[in-house]
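Written below as structure tokens is the structure these notes are about.
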Amino acid sequence: MDTLSYKTVSANKATVQKQWLLVDAEGQTLGRLASKVATILRGKNKPNFTPHVDCGDNVIVINAEKVQLSGNKWDQKTYIRHTGYPGGQRSLTANELKAKNPAAVVEKAVKGMLPKNKLGADLFRNLKVYAGAEHQHEAQKPTTINLNDLK
Numbered sequence: 046m047d048t049l050s051y052k053t054v055s056a057n058k059a060t061v062q063k064q065w066l067l068v069d070a071e072g073q074t075l076g077r078l079a080s081k082v083a084t085i086l087r088g089k090n091k092p093n094f095t096p097h098v099d100c101g102d103n104v105i106v107i108n109a110e111k112v113q114l115s116g117n118k119w120d121q122k123t124y125i126r127h128t129g130y131p132g133g134q135r136s137l138t139a140n141e142l143k144a145k146n147p148a149a150v151v152e153k154a155v156k157g158m159l160p161k162n163k164l165g166a167d168l169f170r171n172l173k174v175y176a177g178a179e180h181q182h183e184a185q186k187p188t189t190i191n192l193n194d195l196k
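Sequential numbering from 46 applies to the sequence shown in our numbering.
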């Protein structure tokens, strides 16, 4: 006799409902914006979340150049990389990275909050970041969402 009245639904590529969302980063704090975007990319805000499946939405972030950092982080926060050669450690401050590529600041923050595996790489491809207010995804008819309304 089956006493369970419900079954656990496991999402797969065919059953996932993906949509396009538009996020305006103007005036948002970088870390808070990135954590909410990472949650949406991962699909954790959906009732049929499955850990090993890409069940998140596609996210477009505009106005990345107008994102905020608190305190003196624009001058003190450093992004470190290595060239692969001896003594090849290079670093940039947040200000230098923003001057070079404003979208990279948001991309690096979100990428650091995604899983470090093949799934994380697939999820990161669902993120599109633009420095200004213009984007090239009008054909996807993205839905504008306010991150302040999310938990």
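Ideal placement from N, C-alpha and C gives every residue a C-beta, glycine not left out.
Residue 170 (DSSP reduced to helix, strand or coil): In the structure shown, residue 170 sits in coil (DSSP, three-state: anything other than H, G, I, E or B).
The ligand SAM heavy atom lying under 7 Å from the CB of residue 63: This structure does not include the ligand SAM; it has no bound ligands of any sort.
Cβ contact check for the region 139-159 and the region 73-89: 3 or more pairs under 8 Å: Yes, since at least three Cβ pairs between the region 139-159 and the region 73-89 fall closer than 8 Å, the two stretches touch.
At least three beta-carbon pairs within less than 8 Å, the region 176-191 to the region 113-124: By the Cβ rule, the region 176-191 does not count as touching the region 113-124, because fewer than three pairs are nearer than 8 Å.
The region 133-153 / the region 53-65 touching (three or more Cβ pairs under 8 Å): The region 133-153 makes no contact with the region 53-65, as fewer than three CB pairs between them are under 8 Å.
Sequence-distant residues of its chain with Cβ nearer than 7 Å to residue 91 (five each side left out): Beyond the five residues adjoining it in sequence on each side, residue 91 comes within less than 7 Å, by CB distance, of 100 in the same chain, given in chain order.
Through-space distance from residue 146 to residue 79, alpha-carbon basis: Between residue 79 and residue 146, the C-alpha separation is close to 17 Å.
N- and C-terminal bounds of the beta strand (DSSP E) containing residue 67: That run of the beta strand (DSSP E) goes 65-69.
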